[in-house]
Amino acid sequence: MEFIRRRIESQIIGLTGLALGQLDFENPKGDPGLFGPDSVTWKVHGDFTTMMIGGISALLLQMLHPLALSGVWDHSNFRADMLGRLRRTGQFISGTTYGTRKDADWLIDKVRSIHLQVAGTAPDGRPYAASDPALLTWVHVAEVSCFLKSHLRYLNPHLSGEDQDRYYAEIALVAERLGASNVPKSRQEVADYLEAMRPQLFCDERSLEVVRVLLAAPAPSAAAKPFGILMMQAGIDLMPEWASAMIGLHQRPWQRRVVRDLVWRVAPLLRWAMRNGAVHRARRRMGLPPR
2 MEFIRRRIES
12 QIIGLTGLAL
22 GQLDFENPKG
32 DPGLFGPDSV
42 TWKVHGDFTT
52 MMIGGISALL
62 LQMLHPLALS
72 GVWDHSNFRA
82 DMLGRLRRTG
92 QFISGTTYGT
102 RKDADWLIDK
112 VRSIHLQVAG
122 TAPDGRPYAA
132 SDPALLTWVH
142 VAEVSCFLKS
152 HLRYLNPHLS
162 GEDQDRYYAE
172 IALVAERLGA
182 SNVPKSRQEV
192 ADYLEAMRPQ
202 LFCDERSLEV
212 VRVLLAAPAP
222 SAAAKPFGIL
232 MMQAGIDLMP
242 EWASAMIGLH
252 QRPWQRRVVR
262 DLVWRVAPLL
272 RWAMRNGAVH
282 RARRRMGLPP
292 R
């Protein structure tokens, strides 16, 4: 059983930012980072399954914004290196959540510098820049709303409304430090923001190409391929219905039920196997017992 556990864990870690090997989550001892172990952010971001599902859903949602899509399309090699993009995104999220204060600051400064180099003109003639405060807010809200929704669906549906609002208020710090403006900080503010953004969103051929690339993304091994397919379908299911309808990703009610049931069955196995993720290392840094 230990061999199986280690095998599963190694494949999971290979998909995360830990595979880049740039951050030490265990030192210096006692450094709480940006949030600390008592934060709701530590709770919401600490499960690989829910974060993977939320991340897939967030990427699909983000790409419905024509300026966000243009930035990724023109300045990213995601079509040739989806795994690399996944790892880099994972590193930023895990590092700003569980890393030391120094590492979190380094990641934020690094991404701010990269954003300054991402600018251009969208197909509709509008200029775009990754450093645009409004665009940063869109990317942030799409991401964290999907993370929280996935957490509620597949890990802790009983997370209180107060803690959900606290999560949005906490995690807004990262968005604001990246340069985002008017960041929603509660469930109601997030819901109102997403509704207000809908007229600015649409699906075109490039949006559909992102979907195709995601669906065709290679698994780290043959054994992991069914898991990857399940995560993809769960991410699609997690999207707002109006968003999945825009992309044309239709799932019948029975398909949604099957996907959710399978995730609930698979997730405990992954949690059992994962003992050395970012959250586990950060807990050791803080002198806390294993979860």
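The opening position of the sequence shown corresponds to residue 2 in my numbering, with each subsequent residue numbered one higher.
From the three backbone atoms N, C-alpha and C, an ideal C-beta is built for every residue, glycine too.
Only a predicted model underlies this, so the values are computations on that prediction, with no experimental measurement involved.
Roughly how many angstroms lie between the CA atoms of residue i and residue j, to the nearest whole one?
| i | j | result |
| --- | --- | --- |
| Q234 | L202 | 22 angstroms |
| R253 | A224 | 27 angstroms |
| L289 | H141 | 30 angstroms |
Would residue i be called buried (16 or more neighbouring beta carbons within 10 Å of its own) or exposed?
| i | result |
| --- | --- |
| D205 | exposed |
| G91 | buried |
| S245 | buried |
| A197 | exposed |
Leaving out five residues before and five after residue i in sequence, what residues of the same chain have Cβ atoms less than 8 angstroms from its Cβ?
| i | result |
| --- | --- |
| F148 | V45, H46, T51, M52, G55, G56 and A59 |
| S222 | Q12 |
| A170 | K186 and S187 |
| L231 | V260, L263, V264 and V267 |
| N157 | K44 |
Run through DSSP, which three-state label would residue i get?
| i | result |
| --- | --- |
| G121 | strand |
| S38 | One point to set straight first is that residue 38 is Pro, not Ser, in the sequence displayed. Three-state DSSP puts P38 in coil, outside helix and strand. |
| A130 | strand |
| V260 | helix |
| H66 | coil |
| M287 | coil |
Suppose the cutoff is 7 angstroms on Cβ atoms and the five residues either side in sequence are ignored; what does the same chain contact list for residue i look like?
| i | result |
| --- | --- |
| T98 | F36, T42, W43 and H46 |
| Y168 | V41, T42, V45 and L149 |
| L153 | L160 |
If I measure Cβ to Cβ from residue i and keep anything under 6 angstroms in the same chain, skipping five residues before and after, which residues do I get?
| i | result |
| --- | --- |
| P67 | A123 |
| G18 | R88, G91, Q92 and S95 |
| V264 | Y155 and A235 |
| A131 | G72, H116 and V119 |
| E144 | A59 |
Would you check if the distance between the CB atom of residue i and the CB atom of residue j is smaller than 7 angstroms?
| i | j | result |
| --- | --- | --- |
| Y129 | S208 | no |
| G22 | G100 | no |
| L271 | F49 | yes |
| L24 | D104 | yes |
| M287 | P29 | no |
| M83 | A283 | no |
| P134 | A181 | yes |
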